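Per our numbering, the very first residue in the sequence shown carries number 84; after that it's consecutive.
This report refers to the structure that appears directly beneath it.
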Amino acid sequence: MANGSGSRNVSVVIAALFGLVLLIGGVWLATLGGSLYYLVAGVVLLVVAGMLGRRSTAGLWLYALLMIATVIWGLWEAGTDFWALVPRLDILGVLGLWLLIPAATRGVGPDAKRSRGVLALSLAFAIAVLIYSIFNDPQEINGSLAATQPPKPQPVAGVNDADWPAYGRTQAGTRYSPLSQINDSNVKDLQVAWTFRSGESKTEKDSGETTNELTPIKVGDNMFICTTHQILVALDPSTGKEKWRFDPKLQSEPSFQHLTCRGVAYYDQANTTEFAASLANVTPAQTACPRKVLLPVNDGRLFAINADNGQRCSDFAQNGELDLKHMHPYTYPGGLEPTSPPVVTGTTIIIGGSVTDNLSVHEPSGAIRGYDVNTGALRWIFDTGAEDPNAMPGEGQTLVNNSPNAWAPLAYDAQSDVVYIPTGNPTPDIWGGNRTPVMERYASAIVALNASTGKLAWSFQTTHHDLWDMDVPAQPTLAQVKTKAGDVPAVYVPTKAGNLFVLDRRDGKPIVPVTEMPVPAGEAAPGDRVSPTQPRSALNLTSIQTLADKDMWGATMFDQLMCRVIFKRLSYNGQYTPPSEQGTLVFPGNLGVFEWGGISVNPDRQVALMNPMALPFVSKLIPRGPNNPLWPKEGLTGAGTGTEMGIQPQYGVPYGVEINAFLSPLGLPCKEPAWGYVAGVNMENHEVVWRKRIGTIRDSLKGIQLPPLKIGVPMLGGPISTAGNVMFIAGTQDNYIRGYNVTNGDLLWQARLPAGGQATPMTYEANGKQYLVIMAGGHASFGTQMGDYLIAYALPK
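What follows is the structure in structure tokens.
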């Protein structure tokens with residue numbers, strides 16, 4: 084009897100404790116205008132505790148009613164979304180199961196057995212709803228493209244079907260291969276064919292944001308890769324065996340905001356077809372390196388290396404080495420970081436670069452430059468912050484500091500000789516009170532330039548007066564789009580804000596409608612302003628347009644309650660709410676709906692494939708004061724923060740800023756999942772045909788093994804697709820590479836990686852066999868396992 088009484092007392096204490104926590108938190112949330120559920124649930128649990136303490140079976144009946152009411156409330160708020168229902172039901176469900184144990188309610192009256200039966204029915208109802216929700220996810224779209232046989236892939240001029248000679252396979256950035264040996268029927272049989280390990284690891288001298296975001300290139304009998312420290316390696320694509328390597332002796336420092344290499348570029352003077360437009364009336368020069376690999380290095384240099392033997396191209400710049408910091412106003416280490424491969428035409432290398440976000444008003448220029456492909460001589464400049472963007476700085480002059488930069492890969496149309504440049508905003512990113520109209524003219528935009536002269540063709544701004552770091556973060560993708568007026572040459576422009584702009588690449592006019600939408604009312608910080616409208620594409624991949632407290636999440640109802648309270652205390656009136664000292668919820672957040680991985684366009688099936696995300700951030704302005712001076716006492720040394728998260732100084736403007744993901748007290752995202760998807764868009768009507776969650780939390784909680792249940796996680800990396808009707812993608816926070824059916828988005832294959840795969844894969848053919856390759860190098864600030872693995876998959880013999 085004593086044991087039974089003790090178990091019942093435990094039940095009373097637990098119910099009372101849970102009720103008290105919910106009551107206190109519920110009152111707090113109610114005063115902020117949030118849901119009343121938690122307050123009511125707290126009161127009910129306290130009443131249940133009192134009834135059980137008095138040995139009344141009515142306590143079990145009341146608990147059963149609370150369980151049923153909670154299920155109905157959860158369905159009303161979240162629908163049949165398994166992951167949204169779990170934190171609403173898990174604590175109550177576990178406590179309910181405890182109360183089913185006879186010892187836990189021993190002595191609660193003669194009708195206890197029947198009362199436990201009623202409680203069991205309520206729990207069975209909750210379990211049934213959860214099981215149903217697993218198979219009826221309201222966030223997923225389960226459509227299908229027409230299953231007709233697509234036409235035979237059209238060859239790309241100057242590109243062998245077996246090769247992947249540029250970052251996006253072609254400089255049009257389609258990330259599509261006409262190979263079909265690996266297809267939707269046999270992809271499940273893929274096996275590791277070879278693994279190459281670079282031998283590198285993160286050191287104390289490296290940035291907090293150390294990663295390897297490499298997409299290799301393959302030309303003929305050579306594959307070219309760059310490592311985390313930008314060592315260039317040539318491999319045999321059939322075996323992964325190293326042929327040669329070149330070490331640029333990167334001068335890395337912990338203050339670098341990035342340490343990564345997304346890829347290299349390739350130039351072959353003999354291949355004149357792809358560059359026919361730019362080669363018109365141009366006689367190829369004699370050069371020491373008719374075939375060269377162009378290697379960007381994070382300390383602000385560009386190397387031209389002989390593709391045949393790994394030696395410097397002696398007639399390029401200074402013995403194969405070009406200083407990209409030339410003419411920049413501030414040349415501190417890591418200030419200008421070329422993290423993406425350049426575009427290469429028949430005459431010109433076109434390159435931008437990353438600058439240190441949110442450091443100060445004394446930063447390098449964001450100018451885009453064109454260099455002679457053989458000599459490295461400067462051919463032209465497009466300085467995004469200059470009155471005359473093409474003007475060459477005179478003696479004693481420099482490029483314009485802090486002008487909008489182009490850190491993501493560029494795209495090139497050889498037929499028209501136009502390069503398409505995605506830009507960011509002027510840094511400091513989260514303050515715009517000091518920006519001039521000239522400085523913002525080409526900010527957060529797509530800019531089309533003549534690749535041979537640098538002259539402007541047109542530009543299109545995707546975010547006005549950007550205060551949220553809503554860059555155009557990915558390589559634009561060029562494709563032909565079928566319209567009522569016939570085929571139109573289009574450029575797809577993915578943005579962090581979730582818009583996928585589809586523009587006529589001849590003049591920048593929208594093909595998919597764009598509307599200037601009024602944005603939420605909100606006061607900018609003193610001295611700044613907000614744009615009254617922002618452009619919105621009819622093709623927008625943001626999963627939720629405006630967050631509400633019902634969209635908050637947690638592992639349990641308790642941290643979900645805290646996330647609701649935190650949400651209500653932040654400044655948030657919807658997308659484009661201006662930054663504030665109070666703390667502003669930014670959704671989509673700094674990672675963006677789209678990131679540097681871009682999209683894949685399958686021209687044969689007329690489908691665009693992508694991996695949109697949905698993760699909020701919090702941006703909090705920090706006013707100047709004794710602990711936050713306008714300039715550091717020791718002077719501005721130029722050192723960055725080594726990361727884009729946390730406190731960013733923004734020296735020279737009235738505020739510093741703190742930027743972090745919107746997380747619960749337990750460190751989980753406060754917005755309910757999914758946080759990451761894969762999606763297919765019909766290019767003929769630009770409707771989302773299918774959308775599926777991608778990824779699990781298997782690798783998210785270190786030291787804890789969790790079942791690999793699909794939840795939809797953030798990712799860094801992009802998709803590719805093939806004529807075999809397969810989309811391949813890695814990049815997720817769990818260590819997997821996956822293959823999806825292009826037609827309907829069904830998961831066909833996945834393979835476990837030994838480290839984080841924060842990169843975009845590629846595919847090629849060698850000796851009659853098709854290979855799929857992914858870099859598993861990890862990402863230090865993204866929290867995935869670090870590694871040095873380049874892994875190739877192929878079908879068994």
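Ideal Cβ placement from N, Cα and C applies to all residues, glycine included.
The structure displayed is predicted, hence computed values, not measured ones.
Rounded to the nearest angstrom, what separates residue i and residue j at their Cα positions?
| i | j | result |
| --- | --- | --- |
| E357 | L482 | Residue placement at E357 is poorly supported in this model, since its pLDDT is 47, which falls under 50; the coordinates still yield a value, given next. One C-alpha to the other measures close to 32 Å. |
| W636 | P837 | 30 Å |
| G291 | P797 | 19 Å |
| K326 | V316 | 7 Å |
| P492 | L228 | 30 Å |
| V574 | R588 | 5 Å |
| V613 | N508 | 14 Å |
| Q689 | K565 | 9 Å |
| Y734 | E678 | 27 Å |
| A147 | C646 | 26 Å |
| S361 | P572 | Per-residue confidence for S361 stands at a pLDDT of 49, beneath the threshold of 50, marking its modelled position as unreliable; the derived number appears in the next sentence. Going from the Cα of S361 to the Cα of P572 covers about 19 Å. |
| V96 | T153 | 21 Å |
| E336 | N824 | 43 Å |
| G610 | G516 | 5 Å |
| M696 | A400 | 41 Å |
| R707 | E446 | 20 Å |
| T293 | L342 | 5 Å |
| V530 | P603 | 28 Å |
| D319 | A849 | 9 Å |
| A834 | V501 | 39 Å |
Tell me which residue opens and which closes the beta strand (DSSP E) that residue i is part of.
| i | result |
| --- | --- |
| F339 | Run containing F339: none; DSSP gives neither H nor E here. |
| A540 | L539 to Q544 |
| E325 | E325 to F329 |
| F745 | Neither: F745 is in no beta strand (DSSP E) and is coded neither H nor E. |
| I174 | Unbroken run through I174 is the alpha helix (DSSP H), F165 to L183; no beta strand (DSSP E). |
| W247 | That residue, W247, is in no beta strand (DSSP E); it is neither H nor E in DSSP. |
| E770 | E770 to R776 |
| W832 | L830 to R835 |
| F704 | Correcting the residue identity first, residue 704 is Leu in this sequence and not Phe. Residues F700 to P706. |
| S452 | Reading off the sequence, residue 452 comes out as Arg, not Ser. From DSSP, the beta strand (DSSP E) with R452 extends over I451 to D455. |
| K375 | R374 to V380 |
| N824 | Y819 to N824 |
| I308 | N305 to C309 |
Can you name the start and end residues of the alpha helix (DSSP H) that residue i belongs to?
| i | result |
| --- | --- |
| E160 | A141 to A161 |
| K196 | A195 to I217 |
| K651 | M640 to R652 |
| L122 | Y120 to G136 |
State the beta-bridge partners of residue i as determined by DSSP.
| i | result |
| --- | --- |
| W277 | A875 |
| Q853 | E848 |
| E223 | In the DSSP output, where bridge partners are listed per residue, E223 has none listed. |
| H864 | A small correction: the amino acid at residue 864 is Ser; His does not occupy that position in the sequence shown. Bridge partners of S864: none, in fact. |
| C344 | C344 pairs with nothing; no bridge assigned. |
| A762 | M693 and R774 |
| Q563 | P572 |
| F584 | V576 |
Let me confirm a value: residue i is counted as buried when at least 16 other C-beta atoms fall within 10 Å, else exposed. Which label applies?
| i | result |
| --- | --- |
| K754 | buried |
| Y215 | exposed |
| L180 | exposed |
| E770 | exposed |
| A562 | buried |
| Q274 | exposed |
| L830 | exposed |
| K793 | buried |
| D440 | buried |
| L442 | buried |
| N818 | buried |
| R781 | buried |
| K579 | buried |
| N225 | exposed |
| T286 | exposed |
Answer yes or no: the CB of residue i versus the heavy atoms of the ligand ATP, is any distance below 7 Å?
| i | result |
| --- | --- |
| P603 | Ligands in the displayed structure: none, and consequently the ligand ATP is not present. |
TODO: Starting from the N-terminal side, write out each stretch of the beta strand (DSSP E) that is 3 residues or longer and does not extend beyond the segment 504 to 537.
DONE: For the segment 504 to 537, the full-length beta strand (DSSP E) segments reaching 3 residues or more read 528 to 533 along the chain.
Task: alpha helix (DSSP H) segments (min. 4 residues) lying fully within the segment 389 to 437 - done: Taking only runs of at least 4 residues, no alpha helix (DSSP H) segment lies wholly in the segment 389 to 437.
TODO: Give, in chain order, every unbroken run of the beta strand (DSSP E) that is at least 3 residues long and sits entirely within the segment 599 to 687.
DONE: Within the segment 599 to 687, the complete beta strand (DSSP E) segments of 3 residues or longer fall at 616 to 620, 667 to 669 and 683 to 685, listed in chain order.
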